[in-house]
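Take a look at the structure set out below.
There are 2 protein chains.
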Amino acid sequence: MIIDCHGHYTTAPRALDDWRNAQVAALKDPARGPKASDLKISDDELRESIAANQLKLMKQRGSDLTIFSPRASFMAHHIGDFNTSSTWAAICNELCHRVAKLFPENFIGAAMLPQSPGVDPRTCIPELERCVREYRFVGINLNPDPSGGHWKEPPLSDRHWYPIYEKMVEYDIPAMIHVSTSCNACFHTTGAHYINADTTAFMQLLQGDLFKAFPTLRFVIPHGGGAAPYHWGRYRGLAQELKKPLLTEHLLNNVFFDTCVYHQPGIDLLTKVLPLGNILFASEMIGAVRGIDPETGHHYDDTRRYIEALRLSPLQAGQIYEGNARRVYPRLTAALQQRRN
Amino acid sequence: MIIDCHGHYTTAPRALDDWRNAQVAALKDPARGPKASDLKISDDELRESIAANQLKLMKQRGSDLTIFSPRASFMAHHIGDFNTSSTWAAICNELCHRVAKLFPENFIGAAMLPQSPGVDPRTCIPELERCVREYRFVGINLNPDPSGGHWKEPPLSDRHWYPIYEKMVEYDIPAMIHVSTSCNACFHTTGAHYINADTTAFMQLLQGDLFKAFPTLRFVIPHGGGAAPYHWGRYRGLAQELKKPLLTEHLLNNVFFDTCVYHQPGIDLLTKVLPLGNILFASEMIGAVRGIDPETGHHYDDTRRYIEALRLSPLQAGQIYEGNARRVYPRLTAALQQRRN
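So the protein lines, in turn, are chains A and B.
The first sequence lines up with residues 15 to 355 when you count with my numbering.
The second sequence lines up with residues 15 to 355 when you count with my numbering.
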């Protein structure tokens, strides 16, 4: 089985955009905005939006199951206040849940949280609980910068975030660290903000001692860990300067990296530098980079080709494709068994 | 000849710190602060600070000449106003000039600019001119984020920066894109802010069309280009999405990368992904990562070892070690000839 741990619902029917636009247009007077119940998307529309897109490509490329969360760039936690994000997160999570119900063999949900800049993360707990208990979601996406490129929240090692971590530990679910749209003109969303956030999160975890407080807490850093694997020597050296243990001990029991790196030399480096047990297969398809690489004739985000080219043993490939995901997302196995019963 | 294009004066005598501390302590009433002339550092003190540190390591590691600029993390452009930065930059640049005069075979200057958040970069021109004309400096360091981690200036492709670019073109000098200390708790200075800035700058240049306006403008992106080479497929794909030419044409006549990547797999990737003509040898020694790598028994920042391990042809190695630096910093050759005459 090939599990893609990083997919977003980037192809939702147009009605979702329209609803969000109406919500944003009414920010100053939310009473005049749309209600959640105003959004009408039929099962057929959902089926079509998936079958013609993600599912088609999954079949072509040979992946079986995608851990599926709301479109990252549309989370836009910087818009409005907690109530804005709360309604929006509930709608987006429910759509992912419906997709997972329609395609139980192929999709399983991960939640976006109703974060809002400057708001206590504790406010996200009810939505998180709902997604795990009612929807059987297996993970969450945690945005370390709900301001959208202004970076005003404390680092991930700060107690500010502990309420989320306590719930993650209780439910035994991991968080993918994933920012949303940049509203800072300096940072292109998918070309700078995403990658910077990955690097930033990794360094925040390196500086802190979070996993002493939460030994079972698990994070997935997407986009191949930002710059971290490329600069692995720098990070090993900085850990030394900061009198931290070796990174293997300090971070690698708790921090995992996906394979959303869109060329062979990048995947070669990732799998050379990091233990294979810390690498989870992913493509972020259909996402930021949708084109065909003229150098290979294949889609940039067809990351399975890069993994195949590594010529790993079946056991090693199985770790990256399936075993690590089942270990990092233990609710996945439970949910799949339940679905089949 | 082996040229290290990225060295900072991180070992300046203590008197420099004391002067800066006094300046910062008097920010509210600069008249009570120190004058530039209050700083007394003898030639012997300068000699000692270099001979026992950078020069010793250069000799051990076999590099000949370092392009030498003020300590990057101490530029701290976010402190005070333009006058604060102006006096501070003048002092720091003069010290680098004195080092280059004391060790003319081994050091040549690159300038820090007296940038200040929200201040027109045009104000930096007099210091830039002084450093090129009087000190024969061969390049500058340009800080894309003088706020120190809050990213409030426009992207590098914006007209905001054109006055600097016009001077760079006039003098035929490149800029290394280099931020300074982060005063944003989210960003560790050398583990996140530096690397993010490199990635951000690269993406800003990718999004823009700056080199249409300035075809001879040249930038060096330090720290191996941040995350850019590791995600080269992503950037090639994003350029496609943005309808830009191939990166080779769009950026690689004007954008260069140094070799401050502190492990072999990183250097392997850098030299595999980028044309060798775009890679300049550098170590940023003595800098952020000063320790010995337990995996190799050698200093992390002894980057020459990684280049040597590539087993390049003499011609290829010569490009990285010398030829590219002479091409990107044409005033270097002129200055060296003049010194020898």
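C-beta: ideal position from N, C-alpha, C; glycine also.
Give the interface partners of residue i over in chain B, defined as CB-CB distance under 7 Å, in chain order.
{"i": "histidine 92/A", "result": "Chain B residues near histidine 92/A: none, gap ~14 Å exceeds 7 Å."}
{"i": "isoleucine 209/A", "result": "Thr213, Ala241 and His245"}
{"i": "glutamine 221/A", "result": "His202"}
According to DSSP, what are the bridge partners of residue i?
{"i": "threonine 80/B", "result": "Asp18/B and Phe121/B"}
{"i": "histidine 237/A", "result": "Per DSSP, none; premise fails for histidine 237/A."}
{"i": "aspartate 272/B", "result": "Leu294/B"}
{"i": "histidine 277/B", "result": "According to DSSP, which records beta bridges pairwise, histidine 277/B is partnered with nothing at all."}
{"i": "tyrosine 23/B", "result": "Pro84/B"}
{"i": "histidine 313/B", "result": "Ile306/B"}
{"i": "isoleucine 191/B", "result": "Leu156/B"}
{"i": "methionine 126/A", "result": "Asn155/A"}
Mind checking whether residue i and residue j have CB atoms under 8 Å apart?
{"i": "glycine 21/B", "j": "glutamate 309/B", "result": "no"}
{"i": "alanine 29/A", "j": "isoleucine 55/A", "result": "yes"}
{"i": "serine 171/A", "j": "glycine 222/A", "result": "yes"}
{"i": "glycine 123/A", "j": "phenylalanine 151/A", "result": "yes"}
{"i": "asparagine 338/B", "j": "leucine 294/B", "result": "yes"}
{"i": "cysteine 200/A", "j": "proline 177/B", "result": "no"}
{"i": "glutamine 333/A", "j": "leucine 288/A", "result": "no"}
{"i": "proline 128/B", "j": "serine 161/B", "result": "no"}
{"i": "leucine 220/A", "j": "alanine 241/A", "result": "no"}
{"i": "threonine 317/A", "j": "alanine 296/A", "result": "yes"}
{"i": "alanine 215/B", "j": "isoleucine 187/B", "result": "no"}
{"i": "isoleucine 306/A", "j": "isoleucine 281/A", "result": "no"}
{"i": "alanine 206/B", "j": "asparagine 155/B", "result": "no"}
{"i": "alanine 114/B", "j": "glutamate 141/B", "result": "no"}
{"i": "cysteine 138/A", "j": "isoleucine 81/A", "result": "no"}
{"i": "glycine 47/A", "j": "alanine 65/A", "result": "no"}
{"i": "histidine 202/B", "j": "serine 194/B", "result": "no"}
{"i": "tyrosine 276/A", "j": "glycine 247/B", "result": "yes"}
{"i": "leucine 60/A", "j": "arginine 144/A", "result": "no"}
{"i": "threonine 230/A", "j": "valine 269/A", "result": "no"}
{"i": "asparagine 120/A", "j": "leucine 69/A", "result": "yes"}
{"i": "valine 133/B", "j": "phenylalanine 96/B", "result": "yes"}
{"i": "asparagine 210/B", "j": "threonine 213/A", "result": "yes"}
{"i": "threonine 347/B", "j": "arginine 354/B", "result": "no"}
{"i": "methionine 15/B", "j": "glutamate 255/B", "result": "no"}
Under 9 Å Cβ-Cβ, which residues of chain B neighbour residue i?
{"i": "aspartate 307/A", "result": "Gly247, Arg250, Gly251 and Gln254"}
Residue i versus chain A: which residues are under 9 Å apart at the beta carbon?
{"i": "leucine 302/B", "result": "At residue 302/B the sequence reads alanine, which differs from the leucine that was named. Near alanine 302/B (Cβ distances below 9 Å), the residues of chain A are Arg248, Gly251, Leu252 and Glu255."}
Could you tell me which chain A residues have their CB closer than 7 Å to the CB of residue i, listed as they occur along the chain?
{"i": "methionine 217/B", "result": "His202, Gly205 and Ala206"}
Indicate, with yes or no, if the ligand SAH has a heavy atom lying under 7 Å from the CB of residue i.
{"i": "glycine 305/B", "result": "With respect to the ligand SAH, the structure offers nothing, as it holds no ligand at all."}
Open item on the list: Against chain B, which members of the stretch 242-256 of chain A pass a CB distance test of less than 8 Å?
Closed with: Pro243, Tyr244, His245, Trp246, Gly247, Arg248, Tyr249, Arg250, Gly251, Leu252, Gln254 and Glu255
Task: Within 9 Å of chain B by C-beta, residues of the stretch 120-131 of chain A in sequence order - done: none
- [ ] Please go through the stretch 203-232 of chain B and give each complete alpha helix (DSSP H) segment of 4 or more residues, from N-terminal end onward.
- [x] Within the stretch 203-232 of chain B, the complete alpha helix (DSSP H) runs of at least 4 residues are 208-221 and 224-227.
Task: Residues in the stretch 273-291 of chain B having any Cβ partner in chain A nearer than 7 Å - done: Val275, Tyr276, His277, Pro279, Gly280, Leu283, Lys286 and Val287
Open item on the list: So if I threshold CB-CB distances at 9 Å, which residues from the stretch 185-199 of chain B count as touching chain A?
Closed with: Asn198 and Ala199
TODO: Check distances from the C-beta atoms of the stretch 307-336 of chain B to those of chain A and list, in chain order, the residues that come in under 7 Å.
DONE: Asp307 and Tyr314
Task: Interface positions of the stretch 165-183 of chain A facing chain B (Cβ-Cβ less than 7 Å), listed along the chain - done: Cβ contacts with chain B: Trp165, Pro168 and Pro169.
Open item on the list: I'd like the ranges of any beta strand (DSSP E) spanning at least 3 consecutive residues and lying wholly in the stretch 141-168 of chain A.
Closed with: 153-156
TODO: Please list the segments of the beta strand (DSSP E) lying wholly inside the stretch 31-116 of chain A, counting only runs of 3 or more residues, in order along the chain.
DONE: 79-84
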